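Residue 324 in numbering that gives the first Met the number 0 is what sits at position 325 of the sequence shown, and the numbering runs on without skipping anything.
Backbone N, C-alpha and C define an ideal beta-carbon position, used for all residues, glycine too.
This one's a predicted model, so the numbers in the text were calculated from it and none came from an experiment.
A short write-up of the structure that comes next.
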Amino acid sequence: MKNIYVFVIISVLFISCSYGKKIVSLNKNKQNKRTILVYLGGDNSLSLEVDDKIEYIKKGWNKSLGELVIFADVSTKTKPVLLRLREENNKVYADTIKSYGNDNSASSTLLKRVIEDTQNIAPSLNYGMILFSHATGWLPANAFEKPKNWHSTIKTYSIFKDKTRQMELNDFVDAIPNNMFDFLVFDTCFMAGAETTYALRNKTKYIVASSAEILSPGFLKTYSTSLNKLYLKKPNLVGFAKDFYNFFEKKKGPYRSATISVLNTYFMKQLAKEVSEIPFRNITKAELNKLQFFDRKTPHLFFDFKDYYNLLLPNLKKTKFNKILNEVVVYKANTSKLINIYINKHSGLTVYIPQPELPLLNNAYKTTEWFKVTNK
0 MKNIYVFVII SVLFISCSYG KKIVSLNKNK QNKRTILVYL GGDNSLSLEV DDKIEYIKKG
60 WNKSLGELVI FADVSTKTKP VLLRLREENN KVYADTIKSY GNDNSASSTL LKRVIEDTQN
120 IAPSLNYGMI LFSHATGWLP ANAFEKPKNW HSTIKTYSIF KDKTRQMELN DFVDAIPNNM
180 FDFLVFDTCF MAGAETTYAL RNKTKYIVAS SAEILSPGFL KTYSTSLNKL YLKKPNLVGF
240 AKDFYNFFEK KKGPYRSATI SVLNTYFMKQ LAKEVSEIPF RNITKAELNK LQFFDRKTPH
300 LFFDFKDYYN LLLPNLKKTK FNKILNEVVV YKANTSKLIN IYINKHSGLT VYIPQPELPL
360 LNNAYKTTEW FKVTNK
């Protein structure tokens with residue numbers, strides 16, 4: 000993802016306190032319609048995009064919608080801060096509520112603290128969360144760049160990246176309270192996987208995510224035009240995702256590149272059960288090479304879910320399988336290409352396929368919840 004211009008974060012200092020100190024609610028007697036937490040983990044190559052995200056979120060927000068809290072980690076030179084949007088005289092400010100001594104935005108301990116602080120600052124009956132950073136789905140930290148050597152010291156990322164540190168999927172899931180969020184919007188790459196969606200089934204009702212990379216500027220423009228759709232009593236996640244897709248669909252050349260899905264986590268348990276009943280067989284290299292993939296490096300790690308399992312399924316079972324998959328995938332869209340990948344099939348969900356040349360990664364995959372429940 001390419002960087003954009005300069006950082007202009009500051010607004011009005013409202014309250015500041017140190018890491019670890021309990022925050023007193025600013026809304027003691029008020030339960031908001033919905034509070035949205037935006038978690039911007041930008042202490043990496045995306046640091047210059049954080050200021051733009053904040054500015055466009057401010058453009059799309061007004062106080063009639065509900066509360067919006069932003070966690071922003073920008074660089075090693077500054078401490079992460081928690082901001083709360085405030086509107087006064089038709090102008091939106093981002094007030095600094097708190098700064099954190101823990102400067103690792105890829106820390107599950109810090110993520111958990113930020114969520115708790117958000118609940119104290121802006122208590123609500125309903126919550127949503129938007130997440131921005133690098134991400135590589137279920138993959139262990141350090142596995143994406145060279146999966147054959149994922150256990151080495153290669154510096155890459157899993158769910159979040161902070162300098163050379165990463166947060167792995169299990170830690171991310173553990174940091175989120177059960178059933179807290181109505182939705183999670185991933186302004187990150189490769190998060191529309193069966194593995195991640197299944198792992199988050201008890202954490203959120205819906206997920207908005209991409210099967211492939213998300214090109215810069217990601218959801219930037221969508222925040223300014225469509226943030227209000229996330230505050231509806233029944234959030235219009237499909238409308239929000241469509242607006243993201245339409246932004247990229249209108250571009251030209253390699254910039255016309257996007258995949259997006261809205262996923263209903265409630266049906267993941269049923270989908271996992273259906274997959275567990277599919278007779279497993281090792282597919283050939285020729286079969287693997289014909290499957291739709293979404294990552295530009297080889298060996299490929301993110302394959303189209305339906306394309307793979309329909310290869311294994313007897314024809315008589317495909318109807319039921321596809322019906323359940325359609326319950327999970329509420330909405331999906333894709334451009335015809337993603338940079339240099341032709342997208343001929345896109346079910347809205349991806350899956351990892353074990354491969355003989357990746358024995359260490361295959362073993363790591365066996366520790367995921369998705370693998371355990373589908374390979375009984």
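| Query | Result |
| --- | --- |
| For Ile340 and Thr224, I'd like the C-alpha separation in whole angstroms. | 29 Å |
| Can we count Phe302 as close to the ligand ADP, meaning its CB is less than 8 Å from some heavy atom? | Annotation note on the ligand ADP: not contained in the displayed structure, which lists no ligands. |
| Keeping to the same chain, check which residues put their C-beta closer than 8 Å to that of Pro358; ignore five residues upstream and five downstream. | none |
| So, with DSSP's three-state summary, where would you put Asn362? | helix |
| In three-state terms, what does DSSP make of Gly389? | Limits of the chain in this structure are 0 at one end and 375 at the other, which puts residue 389 out of reach. |
| How close, in whole Å, do the beta carbons of Val328 and Leu348 come, if the pair is a contact with beta carbons under 8 Å? | 6 Å |
| Whose C-beta lies closer than 8 Å to the C-beta of Phe279 among residues of the same chain, with five residues either side of it excluded? | Leu311 and Asn374 |
| Going by the CB atoms, is the gap between Ser132 and Gly40 shorter than 9 Å? | yes |
| Taking contact to mean at least 3 C-beta pairs separated by less than 8 Å, is the segment 257-274 in contact with the segment 320-327? | yes |
| Three-state secondary structure (DSSP) at Tyr156? | Caution applies to Tyr156, whose pLDDT of 43 falls short of 50 and renders its modelled position unreliable; the model cannot decide the point. |
| Are there 16 or more other CB atoms within 10 angstroms of the CB of Asp72, so buried, or fewer, so exposed? | buried |
| Report, in whole angstroms, the separation of the C-beta atoms of Asn227 and Leu64, which I expect to be a contact under 8 Å. | 6 Å |
| Alpha carbon to alpha carbon, how far is Lys97 from Lys90? Give it in angstroms, no decimals. | 22 Å |
| Using DSSP bridges, identify the partner residues of Gly40. | Asp72 |
| Using only the alpha-carbon positions, how far apart do Val113 and Phe189 sit? | 24 Å |
| Are the segment 280-290 and the segment 246-254 touching by the rule of at least three beta carbon pairs closer than 8 Å? | no |
| Looking at the secondary structure, which residues open and close the alpha helix (DSSP H) in which Thr318 lies? | Asn314 to Val327 |
| Based on DSSP bridge pairs, tell me the residues matched to Val184. | Ile129 and Val207 |
| Since Ala134 contacts Phe182 with CB under 8 Å, what's their CB separation in whole angstroms? | Not a contact, Cβ separation roughly 17 Å. |
| In the DSSP assignment, the alpha helix (DSSP H) including Glu248 goes from what residue to what residue? | Leu236 to Glu248 |
| Which whole-angstrom value describes the C-beta separation of Glu326 and Phe243, a residue pair presumed to lie in contact below a C-beta threshold of 8 Å? | The Cβ separation is near 22 Å, so there is no contact. |
| In angstroms with no decimal places, state the Cα-to-Cα distance between Lys204 and Val237. | 14 Å |
| What separation, rounded to the nearest whole angstrom, lies between the Cα atoms of Thr367 and Trp137? | 8 Å |
| Given that a residue counts as buried once 16 or more other Cβ atoms are within 10 Å of its Cβ, and exposed if not, what is Lys268? | exposed |
| Ile206: which of Asn288, Leu270, Ile259 and Met166 sits nearest, CA to CA? | Ile259 |
| My assumption, with CB atoms under 8 Å, is that Glu86 sits in contact with Lys52. Please give the rounded CB distance. | Wrong, their Cβ atoms sit about 18 Å apart, outside the cutoff. |
| So what does DSSP say about Gly65, is it helix, strand or coil? | coil |
| Measuring straight from C-alpha to C-alpha, what distance separates Lys57 and Tyr92? | 8 Å |
| Return yes when the Cβ of Asp294 is within less than 9 Å of the Cβ of Ser346, no when it is not. | no |
| What's the gap between the Cα of Lys316 and the Cα of Leu287? | 21 Å |
| What is the DSSP secondary structure of Leu287, reduced to helix, strand or coil? | helix |
| Residues in its own chain within less than 6 Å of Gly217 by CB, not counting five upstream and five downstream? | Asp186 |
| Could you pull out every residue in the same chain whose Cβ sits closer than 6 Å to the Cβ of Ile213, ignoring the five residues on either side in sequence? | Cys188 |
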